[in-house]
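Everything below concerns the one structure shown next.
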Amino acid sequence: MRELSHHHRWFRPHTTLWILTAVLLFSILGSFTLGRYPVKLRELMGILTNQIPGVTITPFWAENQEIAVINIRLPRIFLGVLVGAGLSAAGAAYQGVFQNPMASPDILGASAGAGFGAALAIFAGFGSTGITLMAFAMSLVTVVLVFVISNHTRGERVMGLILSGIIVSALFQAGTSFLKLAADPNNRLPAITYWLMGSLAGAKAGEVRMVLIPMALGMIPLLVLRWRLSVLTLGDDEARTLGVDAARLRRMVVVLATLVTAAAVSVSGMIGWVGLVIPHMMRKIIGSDYRYLMPASMLGGGIFLLLVDNVSRDFLSVQLPIGVLTAFIGAPFFLLLITKRR
362 MRELSHHHRW
372 FRPHTTLWIL
382 TAVLLFSILG
392 SFTLGRYPVK
402 LRELMGILTN
412 QIPGVTITPF
422 WAENQEIAVI
432 NIRLPRIFLG
442 VLVGAGLSAA
452 GAAYQGVFQN
462 PMASPDILGA
472 SAGAGFGAAL
482 AIFAGFGSTG
492 ITLMAFAMSL
502 VTVVLVFVIS
512 NHTRGERVMG
522 LILSGIIVSA
532 LFQAGTSFLK
542 LAADPNNRLP
552 AITYWLMGSL
562 AGAKAGEVRM
572 VLIPMALGMI
582 PLLVLRWRLS
592 VLTLGDDEAR
602 TLGVDAARLR
612 RMVVVLATLV
622 TAAAVSVSGM
632 IGWVGLVIPH
642 MMRKIIGSDY
652 RYLMPASMLG
662 GGIFLLLVDN
672 VSRDFLSVQL
682 PIGVLTAFIG
692 APFFLLLITK
702 RR
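The sequence shown begins at 362 in the working numbering and counts up by one.
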């Protein structure tokens with residue numbers, strides 16, 4: 362496999378990954394200190410250290426600060442990093458698999474299926490856990506349906522998969538629109554609309570635990586397979602000469618990226634642009650070699666969504682849904698990227 366030149370980059374790829382890791386850690390610490398109840402770094406470290414089993418510290422912080430940090434900010438920050446990293450990793454994987462720079466986590470209808478599942482659960486009066494589970498299940502069902510339809514299409518398999526995704530997405534979006542039309546306008550309809558706009562508000566530790574396993578099952582293998590993902594970008598024939606079964610690898614990567622997308626969307630709602638913009642930004646910074654691009658996309662996605670959520674919850678008079686903000690920021694930024702391409 363041909364090696365990519367990095368002489369035009371500011372830093373070596375490994376150095377860039379360490380810098381992104383440091384930025385993510387600083388962003389996490391900074392996010393803990395922001396909010397209605399300000400928490401200084403010293404108090405934050407004391408609160409977090411006091412949560413370690415066997416460690417007891419005499420509190421030098423207010424009780425409401427500890428409640429805010431542990432019950433509200435910790436799950437929200439962790440979920441933001443997890444969802445941002447997952448969506449960005451899925452976007453990078455899809456772009457490599459389909460060799461399409463416009464590929465994003467919703468290309469196979471996972472987001473549309475999750476939206477329909479959540480709308481159906483809200484319409485039926487389910488609680489937050491039921492909404493998350495229904496969104497996750499319907500997201501997976503949607504992609505399975507896409508695979509089934511694509512197996513009966515003629516022509517190139519990849520194009521058949523993409524077209525099937527467009528068709529199924531349209532059907533589930535129509536189903537969601539029908540549920541919004543039939544929903545109670547005073548109660549159910551606002552809840553469905555708000556969920557579809559995407560938000561990390563009200564994140565709970567239980568939701569984090571619920572999606573942690575499926576996201577880990579998707580993201581860890583994607584990291585392991587990143588060595589082979591670069592081969593797919595060379596084309597199936599060259600991949601075959603290098604001893605890589607491109608079709609099998611493509612199916613495996615699509616399944617893993619779909620699992621991550623389904624888990625992320627089920628707890629955060631419809632958050633767009635992260636999986637499209639961040640991988641392109643990371644290509645500008647670190648290059649197109651998936652050995653470095655995949656971890657860089659995960660780190661960059663976590664940083665981006667965390668910073669956008671901080672703007673949403675701390676710097677605006679009204680807490681805007683995060684999906685709205687990512688669109689406001691992502692669309693102009695992507696326009697800048699595609700107009701300034703080398």
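Cβ coordinates follow ideal geometry from the N, Cα and C atoms, glycine included. If you're wondering where the values come from, they're calculated on a predicted model, not measured in any experiment.
Which of the three DSSP states, helix, strand or coil, is assigned to residue i?
i: residue 690; result: helix
i: residue 416; result: coil
i: residue 594; result: coil
i: residue 619; result: helix
i: residue 333; result: What the structure shows of the chain is the stretch from 362 to 703, and residue 333 is not part of that stretch, so it cannot be assessed.
i: residue 611; result: helix
i: residue 512; result: coil
i: residue 492; result: helix
i: residue 678; result: coil
i: residue 386; result: helix
i: residue 373; result: coil
i: residue 465; result: coil
i: residue 497; result: helix
i: residue 487; result: coil
i: residue 470; result: coil
i: residue 381; result: helix
i: residue 367; result: With a pLDDT of 46 at residue 367, under the threshold of 50, the predicted position of this residue should be treated as unreliable, though the coordinate-derived value follows. Three-state result, residue 367: coil.
Taking only beta-carbon positions, decide if residue i is within less than 8 Å of chain D.
i: residue 428; result: No chain D appears in the structure shown, which is made up of a single protein chain.
Going by Cα to Cα distance, which pick from the options is closest to residue i?
i: residue 375; options: 626, 639, 652; result: 652
i: residue 425; options: 398, 672, 386; result: 398
i: residue 633; options: 586, 688, 592, 660; result: 688
i: residue 613; options: 635, 500, 581; result: 581
i: residue 658; options: 392, 443, 402; result: 443
i: residue 445; options: 673, 674, 661, 680; result: 661
i: residue 695; options: 645, 650, 649; result: 645
i: residue 619; options: 502, 372, 513, 516; result: 502
i: residue 525; options: 493, 586, 513; result: 513
i: residue 533; options: 590, 626, 642, 470; result: 470
i: residue 673; options: 560, 635, 487, 626; result: 560
i: residue 530; options: 654, 504, 667; result: 504
i: residue 625; options: 498, 386, 382; result: 498
i: residue 570; options: 628, 478, 510; result: 628
i: residue 641; options: 379, 654, 551; result: 654
i: residue 588; options: 407, 656, 537, 552; result: 656
i: residue 427; options: 408, 385, 535, 508; result: 408
i: residue 480; options: 382, 664, 535; result: 535
i: residue 486; options: 617, 573, 545; result: 545
i: residue 663; options: 437, 508, 476, 413; result: 437
In angstroms with no decimal places, state the Cα-to-Cα distance between residue i and residue j.
i: residue 415; j: residue 421; result: 18 Å
i: residue 482; j: residue 495; result: 6 Å
i: residue 683; j: residue 429; result: 20 Å
i: residue 449; j: residue 455; result: 10 Å
i: residue 576; j: residue 622; result: 8 Å
i: residue 460; j: residue 417; result: 53 Å
i: residue 594; j: residue 600; result: 9 Å
i: residue 549; j: residue 611; result: 40 Å
i: residue 676; j: residue 434; result: 15 Å
i: residue 566; j: residue 604; result: 44 Å
i: residue 517; j: residue 639; result: 28 Å
i: residue 404; j: residue 419; result: 11 Å
i: residue 691; j: residue 491; result: 31 Å
i: residue 329; j: residue 699; result: Here the chain comprises residues numbered 362 to 703, so residue 329 is not present and cannot be evaluated.
i: residue 465; j: residue 636; result: 5 Å
i: residue 478; j: residue 562; result: 19 Å
i: residue 400; j: residue 423; result: 9 Å
i: residue 609; j: residue 510; result: 18 Å
i: residue 432; j: residue 394; result: 14 Å
i: residue 738; j: residue 377; result: With the chain represented from 362 up to 703, any question about residue 738 goes unanswered, as that position is not in the structure.
i: residue 457; j: residue 406; result: 40 Å
i: residue 373; j: residue 542; result: 53 Å
i: residue 390; j: residue 606; result: 43 Å
i: residue 592; j: residue 410; result: 44 Å
i: residue 668; j: residue 693; result: 17 Å
i: residue 554; j: residue 473; result: 14 Å
i: residue 648; j: residue 539; result: 44 Å
i: residue 650; j: residue 484; result: 45 Å
i: residue 704; j: residue 558; result: No statement about residue 704 is possible, as the shown extent of the chain runs from 362 to 703 and does not include it.
i: residue 522; j: residue 447; result: 22 Å
| field | Runs of alpha helix (DSSP H) wholly within the stretch 522–602 (minimum 4 residues, chain order) | value | Fully enclosed alpha helix (DSSP H) runs of 4 or longer: 549–558, 566–585, 587–593, 597–602.
| task | Could you pull out every unbroken beta strand (DSSP E) segment of at least 3 residues lying fully inside the stretch 395–461, listed in chain order? | result | none
| field | Secondary structure, beta strand (DSSP E): runs of 3+ residues fully inside the stretch 631–662 | value | none
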